Every structure is written in structure tokens, then in C-alpha cells.
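This note's numbering numbers the first residue of the sequence shown as 4 and each following residue consecutively. Don't be surprised by glycine CBs; every beta carbon is placed ideally from N, CA and C. These numbers were taken from a predicted model, which means no experiment stands behind them. Notes follow once the structure below has been shown.
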Amino acid sequence: MKFYFAPLEGITRYIFRNAYEKYYGGIDKYFAPFISPTDNCFLTPKNVRELCPEHNQGIKLVPQILTNNSVAFIGAAKELYDMGYKELNLNLGCPSGTVCAKKKGAGFLTEWYEMEQLFDSIYEWAASNNVQISVKTRLGRFASEEFYDILEIYNKYPISELIVHPRIEKDYYKGKPRMEFYEYAVEHSKAPVIYNGNLFTCEDIIKRSETSDTVMLGRGLLYNPELIKQNNAFDFQNFWSFHDKIYHGYQEIMSPDKNVLFHMKELWTYWKEIYPDEGRAVRNILKTKSYGEYEAAIRNLK
Ligand SMILES: Cc1cc2nc3c(=O)[nH]c(=O)nc-3n(C[C@H](O)[C@H](O)[C@H](O)COP(=O)(O)O)c2cc1C
4 MKFYFAPLEG ITRYIFRNAY EKYYGGIDKY FAPFISPTDN CFLTPKNVRE LCPEHNQGIK
64 LVPQILTNNS VAFIGAAKEL YDMGYKELNL NLGCPSGTVC AKKKGAGFLT EWYEMEQLFD
124 SIYEWAASNN VQISVKTRLG RFASEEFYDI LEIYNKYPIS ELIVHPRIEK DYYKGKPRME
184 FYEYAVEHSK APVIYNGNLF TCEDIIKRSE TSDTVMLGRG LLYNPELIKQ NNAFDFQNFW
244 SFHDKIYHGY QEIMSPDKNV LFHMKELWTY WKEIYPDEGR AVRNILKTKS YGEYEAAIRN
304 LK
């Protein structure tokens with residue numbers, strides 16, 4: 004079975020990816036969190052820092068682009084091509100209100116005419132440059148049934164992989180994935196379909212492996228970084244090495260304490276599952292305001 008690491012904005016940055024690869028590994032492709040090019044700025048210095056090959060060595064990385072604009076997509080794609088990327092992903096799933104209001108991400112899923120125009124341009128560019136473009140999609144904006152028409156559009160283009168997160172925009176990340184529409188995608192998509200959504204336990208993955216040979220995992224790998232290892236006992240020492248690599252990595256590229264701690268605390272909102280009986284100790288971590296306080300708080304768990 005193949006495993007893809009889902010893009011998680013603000014979390015699966017290059018510092019995190021490198022640490023995960025070093026201490027866990029087993030990932031066939033990492034999808035970078037979205038970049039949002041505009042007509043006149045394709046890649047920001049921060050995008051370049053995140054995606055440059057020097058910061059992603061030994062990692063199979065797929066950059067993700069969030070736009071509804073072919074000039075912005077192709078402009079960013081060309082710069083990424085020059086950095087060595089021959090595979091890109093288009094985000095048609097982001098449910099954030101501000102993104103959808105601009106008709107991007109899941110907000111673009113109702114704009115079928117504009118979608119075909121975008122696809123005409125980007126797949127023409129991709130074909131003449133030998134680049135593959137995959138799509139990460141939700142089922143629709145307002146109703147799952149939109150997916151029947153959306154899939155018809157997708158089937159007109161050489162989408163390299165169709166990653167389906169079977170929810171609609173308003174589901175956000177809550178509730179159960181709408182599996183009957185995922186099954187519909189598997190049956191009717193011309194592109195290979197990859198499943199994404201709510202795979203949190205080994206049992207979830209084993210069940211999915213009956214019909215999917217590749218899955219994309221997101222939060223499951225945060226709740227349990229060993230999710231795909233199926234070890235008998237959780238290796239806490241390895242987890243802390245992983246933690247330290249991220250913590251020190253962030254300290255090197257961010258300042259002051261507040262920024263680093265913000266990112267570490269976001270991880271602890273998931274990592275608290277590693278310490279289910281230590282609610283109080285984890286809450287203390289979430290309250291810390293300086294490196295000194297943070298280090299004292301994690302010492303209680305280490
Ligand atoms: C904090 C957070 C950030 C996310 N950022 C992105 C992103 O940049 N691009 C994207 O396509 N999806 C993004 N997603 C969605 C995930 O990639 C994934 O589709 C979703 O979490 C469902 O998979 P999971 O249940 O395995 O986590 C994000 C989700 C979360 C919770």
C-alpha cells in the first residue's frame with residue numbers, strides 16, 4: 004500500500020516534513036500546503052524557502068497551488084518547474100470562508116464554465132512541458148450531488164491523480180465522509196482515485212486497503228505519527244527526538260519565542276492523543292509563554 008502525507012497548512016512545513024521523514028518515514032509522497040499565487044506574484048520568498056530542493060532533500064514532494072486563475076497557476080508552475088518539480092497539485096477542496104468567497108478551493112466547485120477554462124489552459128501547458136497535474140477535491144460546495152457534474156468535467160482532462168476528500172464545503176472537516184460518493188468516483192473517474200479523510204487507526208487503514216491501494220493521510224499521522232508503522236508499543240524516545248528536531252528547527256527559522264510556541268502548541272492539539280492520561284500536563288504546555296516555560300512543561304511528560 005502507498006501512503007501520501009496530506010497538505011496541512013501551517014503544520015507540514017519543511018521543518019516538519021524533514022523531521023517526519025527522519026524519525027518515521029514510509030511516505031511515498033508529501034503534498035506541500037497550498038501556495039496562493041497571484042497575477043503579479045507567483046512565488047513569495049516564503050514559498051521558495053518552503054519548496055526549494057535544498058530544504059526537501061530525499062523527500063518526494065508535490066507542491067500544491069490554490070487558484071482559479073490560469074495565469075497565476077502557470078506562472079507559479081513555471082517557477083516550480085525551474086526548481087525541478089514535474090508534478091503539481093491543484094487545490095479544489097479548501098473550505099475556508101475567505102478562500103471560498105473568492106471562488107477558490109472548494110468555492111470554485113460551482114464555477115463549471117470557469118473551471119473548464121482553467122483546465123484547458125493548465126493542461127495544455129502541462130502537456131507541452133511534460134508536467135503532471137493532480138487534483139485534490141471535495142464533492143461539491145453545497146451538495147454532494149454536484150459531484151456527478153464535476154466528475155464529468157474532470158474526466159475530460161488528463162488529471163494524473165484525483166484525490167477525493169468525500170465531503171462538501173460546509174462539512175469542513177467534521178462528520179463522516181460521504182463514502183457512497185467516493186465509491187462513485189472510483190467507478191466513474193478516468194484518473195486514478197486516491198482516498199483521503201478520517202483514517203485515524205490501523206483498522207481504518209486496513210479496511211480501506213481492501214479497495215484502495217493508495218491513501219492520503221493527514222490528521223491521523225499527527226494524532227499518531229506511528230500510524231503506518233503498526234509497531235506493538237509506541238516508541239516514546241523516538242517521538243521526543245522527532246519533537247526536538249521540529250522544536251529546534253523552528254527556533255532556527257523563526258523568532259521570537261511566541262511564533263515557535265504557537266506552532267508547537269498547534270502540534271500538541273494533536274499530540275495530546277499520544278498522552279491520553281496526561282490531560283493536565285498537556286494543558287500546561289498549551290499555556291506556556293516562553294521557551295523556559297515550554298521546556299519545563301514538556302519535561303513533565305518526557
Ligand atoms: C490544519 C489543516 C490544514 C490544512 N491545509 C490544507 C492545505 O494546505 N491544502 C489542502 O489541500 N488541504 C488542507 N487540509 C485538508 C487536509 O489535507 C485533509 O484533506 C483533511 O485533513 C482530511 O484528511 P484527514 O482526515 O486524513 O486529516 C488541511 C486540514 C487541516 C486540518
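- Within the same chain, Cβ atoms closer than 8 Å to the Cβ of Gln67 are found at Pro10, Phe34, Ala35, Pro36, Phe37, Ile38, Leu91, Asn92, Leu93, Asn94, Lys139, the five residues on either side in sequence being excluded.
- When the beta-carbon positions are compared, Gly223 and Leu230 come within less than 7 Å of each other.
- Sixteen is the threshold: when 16 or more other Cβ atoms of the shown chains lie within 10 Å of the Cβ of Tyr157, as they do, the residue is buried.
- Distances between the C-beta of Leu304 and the heavy atoms of ligand 1 are all 6 Å or more.
- At least one heavy atom of ligand 1 lies less than 6 Å from the C-beta of His168.
- Rounded to whole angstroms, Phe111 and Tyr175 show a C-alpha spacing of 15 Å.
- Here DSSP, grouped into helix, strand and coil, assigns Ile77 to helix.
- The alpha-carbon of Val218 is positioned some 14 Å away from that of Met182.
- Residue burial is scored here from C-beta neighbours: Ser215 has at least 16 other C-beta atoms within 10 angstroms and is therefore classed as buried.
- Pairing Ala104 with Phe245 gives a Cβ-Cβ distance that is not under 7 Å.
- At a Cβ-Cβ threshold of 7 Å, Ser124 and Glu164 do not count as neighbours.
- Residue range 294-302 is occupied by the alpha helix (DSSP H) that includes Tyr294, with no beta strand (DSSP E) assigned at that position.
- Sequence-distant partners of Pro56 (beyond 5 residues in either direction) whose C-beta falls short of 8 Å from its own C-beta, in its chain, are Met86, Gly87.
- Contact between Glu24 and Ile18 is ruled out by a C-beta separation of about 11 Å, above the 8 Å threshold.
- Under the rule that a run must span 4 or more residues, the alpha helix (DSSP H) segments found entirely inside the segment 232-304 read 239-256, 260-274, 282-290, 294-302.
- Note on geometry: alpha-carbon atoms of Cys44 and Arg20 lie some 25 Å from one another.
- From the listed residues Lys177, Asn199, Lys193, Gly178, the smallest Cα separation to Tyr185 is found for Asn199.
- Relative to ligand 1, the nearest heavy atom lies less than 6 Å away from the CB of Asn199.
- Straight through space, the alpha carbons of Thr15 and Ala299 are spaced by roughly 25 Å.
- Apart from the 5 residues on each side of it in sequence, Pro195 sits with its Cβ closer than 6 Å to the Cβ of Glu164 in its chain, given in chain order.
- Per DSSP, the continuous alpha helix (DSSP H) segment holding Ile153 begins and ends at 149-157.
- Setting aside the 5 residues that flank it on each side, His191 is surrounded in the same chain by Leu154, each with a C-beta closer than 7 Å to its C-beta; the list follows chain order.
- Nearest in C-alpha terms to Asn132, of all of Pro279, Asp280, Lys89, is Lys89.
- Counted as a single uninterrupted DSSP element, the alpha helix (DSSP H) harbouring Leu225 occupies residues 222-226.
- Beta-bridge pairing by DSSP links Lys32 to Tyr7.
- Looking at the DSSP output, Thr101 sits in no beta bridge, so it has no partner there.
- Here Lys232 has Tyr27, Gly29 as same chain residues with Cβ atoms under 8 Å from its own Cβ, once five neighbours each way along the sequence are excluded.
- Between Ala109 and Arg144, the gap from beta carbon to beta carbon is short of 7 Å.
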